[in-house]
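Below: one structure, written as structure tokens.
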């Protein structure tokens, strides 16, 4: 089952209408994960699980109450609806340290890979994210290679 996020109108998507969103690092990392799962406006079941998994075992998210987590995701969804996934990722890039950017990129790659092989659009978004995060190709290529191994269907044809 999938749900479609509303697309922003041109007026809502402009910086003057929506304003630049300054995120703290905790929200910024979650924003990258949320943007990765909903880049195409569709929040799939596999993507939702991947988003939840990417945050659940990581501090400080695992220490958040359900109410705190819902409030944070709701706030990020509002920004996502008004500014779009790519702007939300760029807002996050301004906040995260280099170590946090590397982790955020790996999280985004895993989330995008969670529902099957990367599509061309997903590869383009990851390339844009790598540019915004100022990550070297040597690192991003390794991340994609590992995600391909991690999400390989090793039992294809055996069922």
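In this note's numbering, the protein residues as written are 1 to 159.
Think of the CB as a built atom: it goes at the ideal place given N, C-alpha and C, for glycine as much as any other residue.
Tell me the DSSP secondary structure of residue i in three-state form.
| i | result |
| --- | --- |
| residue 154 | coil |
| residue 90 | helix |
| residue 48 | helix |
| residue 138 | helix |
| residue 64 | coil |
| residue 35 | helix |
| residue 114 | coil |
| residue 24 | coil |
So which of the options has the shortest CA-CA distance to residue i?
| i | options | result |
| --- | --- | --- |
| residue 129 | 96, 146, 152 | 96 |
| residue 27 | 71, 138, 111, 158 | 71 |
Where does residue i land, buried or exposed, given buried means 16+ other C-beta within 10 angstroms?
| i | result |
| --- | --- |
| residue 22 | exposed |
| residue 99 | exposed |
| residue 150 | exposed |
Is the segment 107-122 close to the segment 39-56, with three or more CB pairs under 8 Å?
Contact between the segment 107-122 and the segment 39-56 is present, because at least three Cβ pairs lie under 8 Å.
Touching or not, the segment 90-109 and the segment 125-145, by the rule of three or more beta carbon pairs under 8 Å?
Three or more beta-carbon pairs separated by less than 8 Å link the segment 90-109 to the segment 125-145, which places the two stretches in contact.
When the Cβ atoms of the segment 57-64 are set against those of the segment 125-139, are three or more pairs found closer than 8 Å?
no
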